[in-house]
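Please read the structure below before turning to the comments.
4 protein chains.
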Amino acid sequence: MPVLDLAALQKQFHLAPFIADLGMALEAVAAGECTTTLALAPRHLQQNGVVHAGVLATMADHTAGAAAWTLAAAGAAVMTAEIKVSFLRAAVGERLICRARVIKPGRQVCFVEAEVFCLHAGAEQLAAKASATMIVLAPPSP
Amino acid sequence: MPVLDLAALQKQFHLAPFIADLGMALEAVAAGECTTTLALAPRHLQQNGVVHAGVLATMADHTAGAAAWTLAAAGAAVMTAEIKVSFLRAAVGERLICRARVIKPGRQVCFVEAEVFCLHAGAEQLAAKASATMIVLAPPSP
Amino acid sequence: MPVLDLAALQKQFHLAPFIADLGMALEAVAAGECTTTLALAPRHLQQNGVVHAGVLATMADHTAGAAAWTLAAAGAAVMTAEIKVSFLRAAVGERLICRARVIKPGRQVCFVEAEVFCLHAGAEQLAAKASATMIVLAPPSP
Amino acid sequence: MPVLDLAALQKQFHLAPFIADLGMALEAVAAGECTTTLALAPRHLQQNGVVHAGVLATMADHTAGAAAWTLAAAGAAVMTAEIKVSFLRAAVGERLICRARVIKPGRQVCFVEAEVFCLHAGAEQLAAKASATMIVLAPPSP
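Chains as they are written, first to last, in our numbering: chain A, 1 to 142; chain B, 1001 to 1142; chain C, 2001 to 2142; chain D, 3001 to 3142.
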């Protein structure tokens, strides 16, 4: 397992234009885990006022990828092979919190789960749950 | 099957703030089918210059929902229960085109597939493929 | 929530020919939860000696369906709309144990997760994890 | 792409005890494609007379794996990372036919789709559709 490089991860977050544009922020990171947040604004919503499924899917995907990255070898890259997101409840509130956790690391692929909670009036509700298969791309041979 | 109300669907598209913000446009619609497009800009990308998985997932989800909606009873609503998206190739190009198709309609749930193509230098490549289960919410009884 | 009818569930288990043929047994049931077991035999294996993915998928599906059924209204039926199974580790051992849990019940659909553990030399290892969307079919109106 | 070794694939099919026990047969194989069949018997059913979801999932998984294997390097092995199966219609009939097709091969992972049809009174109906991510395990270095 590599030494966890939080600064590098923070920098990657801010370098990804779609993540910066969406407003996602990196909250915490540990070996095999990552937490992100997003302050909800009108532009994140569906026409009926609930958070768009695409926002929840994006958070789940990006947070899961970061969690997998914490366990990859130095210089390795991580790509999503596939993600399934189940939408458990309509998300209405002020803030999204996504917590991702590697459930099985591996040399070629890494299995990750992510939960997206919606904070409303001080209470968190689980809005979506995702499972993803990440491809681990080894760093180029020297 | 309801009479297909393209005007209503167009209006719904423009009323969904996240879809408008992302830049998705409704291209075509038919019974059980929907096509959307998105002109790619730097803000849709990952730090490595490829389209973010969240953009592909959002297009797949929204286009699939619209395809399901074309077969729902008048006044019914459609919600995504779950979507799985497989990312087949890095998407690099000028434009995304998403084509969704209902593979099995139903009274309670509707199964839909969506493909997202990336147009680059005049050629389309399949970047992602999704399958979704949509919940059909009957209109309220009179 | 219905009164939990364990006897009825036990009976359903033994009435399903594929489940009886496979050798699955109902171990425990509670509101929103179900545990099943399977004593492994050579016929459950792949050519390389590990348990076939189809055996793990079958246990996950059937146990998830039973967990959902515990929360359905009296007389309602439960059908799998879709299931995704991630195969985390090769399963080698004497016995499989599957634990399923409803993560969000609902009137039309119910979301369930199932984990399949393999018991080998006294230790349990998580071999597969599944998430399923179950369709709840209301009992026929009187 | 390796020279397609049908004999080796047939042999592997009959060497997998669960596949032999279930009654699955290899019907046809080509580069990136595989077709299997299963003659339905009472032991393949649910208590309500329809084919058990586990039978459909097993066929989809094994046929998808074989399709991926046709494109792997000589000596490479293929393992299912994950499979999602959508159950579109209750399967009732005399025979199942599963057709799998690689939608994107790759060095580390391979994306495959499989459709399971049920033959009843001379007509085929699509009962289930699956998408799987297969891990390609390179042959050991000499």
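Glycine included, each C-beta is placed from N, C-alpha and C at the ideal position.
For the region 3080-3098 of chain D against the region 2075-2088 of chain C, do three or more pairs of beta-carbon atoms, one drawn from each stretch, fall closer than 8 Å, so that the two count as touching? Taking 8 Å as the limit for Cβ pairs, the verdict is that the region 2075-2088 of chain C does touch the region 3080-3098 of chain D.
Closer than 7 Å by beta-carbon distance: list the chain D residues that pair up with residue 135/A, in chain order. 3108, 3109, listed in chain order.
Relative to the alpha-carbon of residue 3057/D, which residue among 3131/D, 3137/D, 3039/D has its alpha-carbon at the smallest distance? Checked all of 3131/D, 3137/D, 3039/D; the closest Cα to residue 3057/D is 3131/D.
Could you tell me whether the region 3022-3042 of chain D touches the region 3052-3067 of chain D, using the rule of 3 or more Cβ pairs below 8 Å? Yes: the two stretches touch, three or more of their Cβ pairs being nearer than 8 Å.
For a test of the three-state rule: what should DSSP assign to residue 2100/C, helix, strand or coil? For residue 2100/C, the secondary structure class from DSSP, reduced to helix, strand or coil, is strand.
Using the Cα positions of residue 14/A and residue 69/A, report the straight-line distance between them to the nearest angstrom. Linking residue 14/A to residue 69/A through their CA atoms gives a straight-line distance of about 16 Å.
Could you tell me which residues DSSP pairs with residue 1059/B in its beta bridges? BP columns for residue 1059/B are empty, so no partner.
Relative to the C-alpha of residue 1107/B, which candidate in 3137/D, 3030/D, 3045/D, 3089/D has its C-alpha closest? Among 3137/D, 3030/D, 3045/D, 3089/D, the Cα nearest to that of residue 1107/B belongs to 3089/D.
What are the boundary residues of the beta strand (DSSP E) that residue 3045/D is part of? The continuous stretches of beta strand (DSSP E) do not include residue 3045/D, and DSSP gives it neither H nor E.
Between 3038/D, 3006/D, 3050/D, 3037/D, which has its C-alpha nearest residue 2016/C's C-alpha? The option with the nearest alpha carbon to residue 2016/C is 3050/D.
Starting from the beta carbon of residue 89/A, find every residue of chain C whose beta carbon is closer than 9 Å, and list them in chain order. Residues of chain C passing the Cβ test: 2104.
Closer than 7 Å to chain C by CB, residue 3025/D: So, not an interface residue.
In chain A, which residues lie with their C-beta within 8 Å of the C-beta of residue 2220/C? Nothing about residue 2220/C can be reported from this structure: the residues present for chain C run from 2001 to 2142 only.
Starting from the Cα of residue 2076/C, find the closest Cα among 2110/C, 2096/C, 2097/C, 2061/C and give me that residue. Closest in alpha carbon position to residue 2076/C, among 2110/C, 2096/C, 2097/C, 2061/C, is 2110/C.
I think residue 2064/C touches residue 2138/C, with their Cβ atoms under 8 Å apart; what is that distance to the nearest whole Å? Actually they are not in contact, since the Cβ atoms of residue 2064/C and residue 2138/C sit about 20 Å apart, beyond 8 Å.
Nearest-angstrom Cβ-Cβ length linking residue 3034/D and residue 3091/D, presumed shorter than 8 Å: The beta-carbon distance between residue 3034/D and residue 3091/D, rounded to whole angstroms, is 19 Å. This is too long to meet the 8 Å contact definition.
Mind checking residue 2129/C: buried by the 16 CB within 10 Å criterion, or exposed? Burial call: buried.
Given a limit of 7 Å on CB to CB distance, which residues of the region 1054-1086 of chain B reach chain C? Answer set for the region 1054-1086 of chain B: 1081, 1082, 1084.
Taking the C-alpha atoms as reference points, what is the distance between residue 2029/C and residue 2078/C? When rounded, the distance between both Cα atoms is 16 Å.
Using C-beta distances below 7 Å, list every residue in its chain close to residue 3010/D, excluding the 5 sequence neighbours before and after it, in chain order. So the qualifying residues of the chain are 3026.
At which residues does the alpha helix (DSSP H) containing residue 7/A begin and terminate? Looking at the DSSP string, the run of the alpha helix (DSSP H) that includes residue 7/A is 6-15.
Name, in chain order, the residues that DSSP records as bridge partners for residue 2085/C. Looking at the DSSP output, residue 2085/C sits in a beta bridge with 2130/C, 3083/D.
Can you give me the start and stop residues for the beta strand (DSSP E) that residue 1027/B sits inside? Residues 1024-1030.
Give the straight-line distance between the Cα atoms of residue 134/A and residue 112/A, rounded to the nearest whole angstrom. Whole-angstrom Cα-Cα distance: 7 Å.
Neighbour-count burial assignment, residue 3032/D, 16 or more Cβ in a 10 Å radius: Buried, by the Cβ-count rule.
Residue 1114/B lies in the beta strand (DSSP E); which residues open and close that run? Taken as a continuous stretch (DSSP letters only), the beta strand (DSSP E) holding residue 1114/B covers 1109-1120.
Could you pull the DSSP bridge partners for residue 2094/C from this structure? Paired residue(s): none; residue 2094/C is not in a bridge.
Below 7 Å between beta carbons: does that hold for residue 40/A and residue 94/A? Result yes, Cβ atoms of residue 40/A and residue 94/A sit closer than 7 Å.
Roughly how many angstroms separate the alpha carbons of residue 122/A and residue 1047/B, rounded to a whole number? Looking at the two C-alpha atoms, the distance is approximately 34 Å.
Please classify residue 3077/D: does DSSP put it in a helix, a strand, or coil? Here DSSP, grouped into helix, strand and coil, assigns residue 3077/D to strand.
7 Å is my cut-off, CB to CB: does residue 2100/C come that close to chain D? Cβ-Cβ to chain D under 7 Å: no for residue 2100/C.
Simplified DSSP assignment, three categories, for residue 2123/C: Strand, per DSSP.
Member of 97/A, 104/A, 125/A whose CA lies at the smallest distance from the CA of residue 62/A: Here the closest residue by C-alpha is 97/A.
Considering only the alpha carbon of each residue, which of 3119/D, 3120/D, 3136/D, 3066/D lies closest to residue 3007/D? Measuring from the Cα of residue 3007/D, the nearest candidate turns out to be 3066/D.
Chain C residues whose Cβ lies nearer than 8 Å to that of residue 3016/D: Near residue 3016/D (Cβ distances below 8 Å), the residues of chain C are 2045, 2046, 2047, 2052.
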